[in-house]
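Structure first, then comments.
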Amino acid sequence: MRVVWEKEIPAGGRITVSPRPVWKCRVCPMYGKRPGCPPYAPDWKETKEWARSFKKALLVKFEIDMNDFENEKRKVLLWLLKKEAELFKQGKLYVMALFPGNCNLCDDCPFERGEPCRMPEKVRPSIDAIGIEISSLVEIDFSESVLYGMVMVE
2 MRVVWEKEIP AGGRITVSPR PVWKCRVCPM YGKRPGCPPY APDWKETKEW ARSFKKALLV
62 KFEIDMNDFE NEKRKVLLWL LKKEAELFKQ GKLYVMALFP GNCNLCDDCP FERGEPCRMP
122 EKVRPSIDAI GIEISSLVEI DFSESVLYGM VMVE
């Protein structure tokens, strides 16, 4: 995993939130299986109001090795959580990371079996699960082996 770039973006009116990404989640095999995914993630309407309460966000592009997808994605999630913690220590009290897709912090997710999450303090919603249209922020090139993460800053 490698960070390609980090971009600070205005959050208020720049982030498009709609039901479209949530509907895409409904056809994902992880739908309803992870705590950061629908129907457990916050509703897109709630997200729309929540996103407007932020002035800026950090959008991050990660290059990953698709042959080691799960491990590479886990590194991305941990990087996002570390960035969130750093910003929190700088006084950004409401900072929150958003994951690129479902949480995969555990190799074997107990939540999928109806058991409690092992790391509820680390789980963050998926960008798509809460209705953020990542394509409104970046041009998606499906030939690239990348993931996009986001940190809502202040």
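Counting from 2, one number per residue, gives the positions in the sequence shown under our numbering. C-beta atoms are modelled at their ideal positions from N, C-alpha and C, and glycine is treated no differently. Just so we're clear, the structure is a prediction, and the values are computed from it rather than from any experiment.
On the DSSP letters alone, give me the boundaries of the alpha helix (DSSP H) that residue i sits inside.
i, result
"Val61", "Note, Val61: premise wrong, no alpha helix (DSSP H); beta strand (DSSP E) at 57-64."
"Leu79", "70-90"
Can you list, in chain order, the residues of its chain whose CB lies under 8 Å from that of residue i, leaving out five sequence neighbours each side?
i, result
"Glu155", "Phe55, Lys56, Lys57, Lys93, Tyr95, Val96"
What residue from the options has the CA that sits closest to residue i's CA?
i, options, result
"Ala86", "Gly14, Leu138, Glu7, Val152", "Val152"
"Trp45", "Lys76, Arg21, Ala98", "Arg21"
"Val139", "Val4, Met2, Ile16", "Ile16"
"Tyr41", "Lys84, Val61, Gly115, Lys8", "Gly115"
"Phe146", "Ile133, Pro39, Glu64, Pro11", "For the sequence presented, residue 146 should be read as Ser rather than Phe. Out of Ile133, Pro39, Glu64, Pro11, Glu64 has the C-alpha closest to the C-alpha of Ser146."
"Lys49", "Ala12, Cys107, Asp142, Lys90", "Ala12"
Within 10 Å of its beta-carbon, does residue i have 16 or more other beta-carbons around it, so buried, or fewer, so exposed?
i, result
"Asn68", "exposed"
"Pro126", "buried"
"Arg35", "buried"
"Phe112", "buried"
"Val18", "buried"
"Gly150", "buried"
"Pro30", "exposed"
Just curious, the beta strand (DSSP E) that residue i is in, first and last residue?
i, result
"Pro11", "3-11"
"Val152", "147-153"
"Ala98", "97-99"
With a CB to CB cut of under 6 Å and the five nearest residues on each side skipped, what residues in its chain are close to residue i?
i, result
"Pro43", "Ile131"
Which residues in the same chain have their Cβ closer than 7 Å to the Cβ of residue i, if we skip the five residues on either side of it in sequence?
i, result
"Val124", "Pro36, Gly37, Cys104, Cys118"
Please check the pair residue i and residue j, which I expect to be a contact at CB under 8 Å, by giving their CB distance rounded to whole angstroms.
i, j, result
"Ala160", "Leu79", "Past the boundaries of the shown model lies residue 160; the chain is included only from 2 to 155, so the question cannot be answered."
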